[in-house]
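> Once you've had a glance at the structure underneath, I'll fire off some questions.
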Amino acid sequence: MESGDRGANEAGPPAAPTGPGRASKRDQIVAAARELFLAHGYGATSMDAVARDAPVSKRTLYNHFESKQALFLAVLRISWANLSEAPPVRPEDDVRDTLRGYVARLEEHWRHPDVLPFLRLLIAEGTRFPELSDIYYQAGKAPAVAELTGYFEGKADALGLTAEARAVQFLGMVKEALFWPRVLGFPPAKDRDAVVDAAIARLVD
C-alpha cells in the first residue's frame with residue numbers, strides 16, 4: 144500500500160470527527176506531520192509514522208485527513224496563513240502605497256521559518272511527486288496571484304497586459320531580487336526599495 148493511501152479494509156470511509164477533542168487531535172496530527180516532512184521529506188514520511196508520532200490511531204488520522212496529500216496541504220497552509228489571512232489589498236488605495244505594502248507582507252511571509260524549507264523540499268522531490276507542485280500552488284501561490292489580479296482589474300495599463308499578467312510580472316520582478324537569493328542561501332538585494340519601486344514603475348508609469 145502506498146504511504147499516502149488507505150487500504151480498502153483498514154478504516155472505512157473517512158468521517159467528520161466530532162467532540163471536544165477534535166481541534167487538539169487535528170493540531171497534534173499537523174504538528175507531527177510538519178516535523179516528519181521537514182526531517183525526512185515527503186516521500187519518506189508515511190501516514191503510519193504520522194499516526195505514531197501524533198500519537199493517534201490510524202482511524203483518527205484518516206478521519207481528519209484522507210491522504211498524505213491532504214495532510215501536506217494542511218501543513219503548508221499554516222506557513223501561508225500570515226499572507227493569505229492578511230487584509231486584502233483595496234482597489235481604491237494608492238497604487239504605489241498598496242504595492243509597497245504588499246511587498247512588505249511578502250517579506251514577512253518569507254521570514255516564516257517553514258517557507259524556505261518547504262519550498263526546498265518541493266524543489267528536491269517535485270520530480271518524483273508531481274502532486275507537490277499542485278499542493279504548493281493551491282496552498283498559497285494561486286491565492287496570492289488572484290489577490291493581485293483582482294487589484295489590477297479595471298486599472299489603466301499602458302503595456303496592454305491583462306490584470307493577471309501584471310500580477311505575475313510584478314511578483315516575478317520582486318521575487319527575482321528579494322526572494323530567490325534567500326532560497327539559494329544568499330542575502331537578498333541590498334537596494335530593496337529601488338527594486339520595489341522599479342517593479343511598480345514598470346506597471347504604473
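When the letters of the sequence shown are read in order and numbered with the numbering used here, they come out as residues 144 to 348. All residues carry an ideal CB built from backbone N, CA and C; glycine is no exception.
What separation, rounded to the nearest whole angstrom, lies between the Cα atoms of LEU291 and THR270?
Whole-angstrom Cα-Cα distance: 29 Å.
> What's the C-alpha gap between ASP196 and HIS207?
Taking the straight line from one Cα to the other gives about 15 Å.
> Which one of LEU214, ALA342, PHE322 and ALA213 has the shortest CA to CA distance from GLU251?
The residue with the shortest Cα to Cα distance from GLU251 is PHE322.
> Please work out which residues of its chain come closer than 6 Å, Cβ to Cβ, to LEU181, disregarding the five sequence neighbours upstream and downstream, and give them in chain order.
The residues are PRO260.
> How would you label THR305, buried or exposed, when you count the other beta carbons within 10 angstroms and need 16 or more for buried?
Answer is exposed; the Cβ neighbour count stays below 16.
> Alpha carbon to alpha carbon, what distance is there between GLU178 and GLN171?
Between GLN171 and GLU178, the C-alpha separation is close to 11 Å.
> Taking all protein chains shown into account, do 16 or more other C-beta atoms lie within 10 angstroms of the C-beta of ILE266, making it buried, or fewer, making it exposed?
The residue is exposed, with fewer than 16 neighbouring Cβ atoms inside 10 Å.
> Return yes when the Cβ of GLN281 is within less than 8 Å of the Cβ of GLY216, no when it is not.
Residue identity differs from the one stated: residue 216 is Leu in this sequence, not Gly. Yes, they are a contact pair.
> Enumerated in chain order, which unbroken segments of the alpha helix (DSSP H) with a length of 4 residues or greater are wholly contained in the stretch 232–287?
Complete alpha helix (DSSP H) runs here, min 4: 238–253, 258–268 and 274–279.
> Taking the alpha carbon of MET190 as the point to measure from, which residue in PRO256, LEU275, ARG345 and LYS211 has its own alpha carbon closest?
Per the Cα distances, LYS211.
> Quick check on the burial criterion: 16 or more other C-beta atoms within 10 angstroms. Buried or exposed for ARG233?
By the neighbour-count rule (16 or more Cβ atoms within 10 Å), ARG233 is not buried but exposed.
> Given a cut-off of 8 Å on the beta-carbon distance, is the pair PRO330 and ALA320 in contact?
Contact flag unset, no.
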